[in-house]
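In our numbering, the protein residues as written are -16 to 166. Backbone N, C-alpha and C define an ideal beta-carbon position, used for all residues, glycine too.
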Amino acid sequence: MQTIRQASISMLGAIAGVAMLWQFLATPALAEEVKAGDLVITQAWSRATPGGAKIGGGYLTIENKGSTPDRLIGGSADVAGKVEVHQMAMNNGVMTMRPLDKGLPIEPGKTVKLAPGGYHLMLFDLKSPLKQGDKVPVTLEFEKAGKVNLSLDVQGVGAKGPAGEGGSDGQMDMKKMPDGMKM
Ligand SMILES: [Cu+2]
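Shown next as structure tokens:
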């Protein structure tokens, strides 16, 4: 009996190990993390641009782990002629967006999310279309943290979020894994 019990315990351990490895492999976008001073940037992504579209968006999550405020003031990318920080908002029932002239404040202890329908990076004058699966290098500029290099994971045209958050409509979408595999 003793050996059987031990065998089943190590079997459980193996299953847990495989499940953890599976989760690790299934969420590459969540694992990527860029640190710049007190800032931690995660989930940088974009959407594929259709046809000859000359503009694209950029989305990411910025956490300020420090005790002083910072500010995202701009950016640049080889693929784009110009990068701006935008805010999208409803204005008298109309969706409008505007550049944030003074930048986007990142208060200490807070997490700011750039996402479709809200704050976003706007990439103008695209030199080539953004294709699903591409990693687009972008340089962000913060008032205090300075310049930060990262890349945007390009998701499908209709994606609502980064891979691993139900955003990808491609083959990397593994959210539908069996419940039994979740920890
Ligand atoms: Cu915009």
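Paired residues, beta bridge with residue i - DSSP
i, result
"residue 121", "133"
"residue 111", "Looking at the DSSP assignment, residue 111 forms no beta bridge with any residue, so it has no partner."
"residue 67", "105"
Residue environment, residue i, which counts as buried when at least 16 other CB atoms sit within 10 Å
i, result
"residue 81", "exposed"
"residue 171", "Coverage of the chain is limited to positions -16 through 166, which leaves residue 171 absent and any answer about it impossible."
"residue 60", "buried"
"residue 29", "buried"
"residue 35", "exposed"
Residue i: CB within 7 angstroms of a non-hydrogen atom of ligand 1
i, result
"residue 80", "yes"
"residue 73", "no"
Under the three-state DSSP convention, the category residue i falls into
i, result
"residue 96", "strand"
"residue 50", "coil"
"residue 202", "Outside the shown range of the chain (-16 to 166) lies residue 202, about which nothing can therefore be said."
"residue 72", "strand"
"residue 15", "coil"
"residue 44", "strand"
For the region 65 to 83 against the region 13 to 23, do three or more pairs of beta-carbon atoms, one drawn from each stretch, fall closer than 8 angstroms, so that the two count as touching? Two segments are said to touch when three or more pairs of C-beta atoms, one from each, lie closer than 8 angstroms; by this definition the region 65 to 83 does not touch the region 13 to 23.
Are there three or more Cβ pairs, one per stretch, closer than 8 angstroms when the region 46 to 54 is compared with the region 117 to 134? Counting C-beta pairs closer than 8 angstroms gives three or more between the region 46 to 54 and the region 117 to 134, which meets the contact rule.
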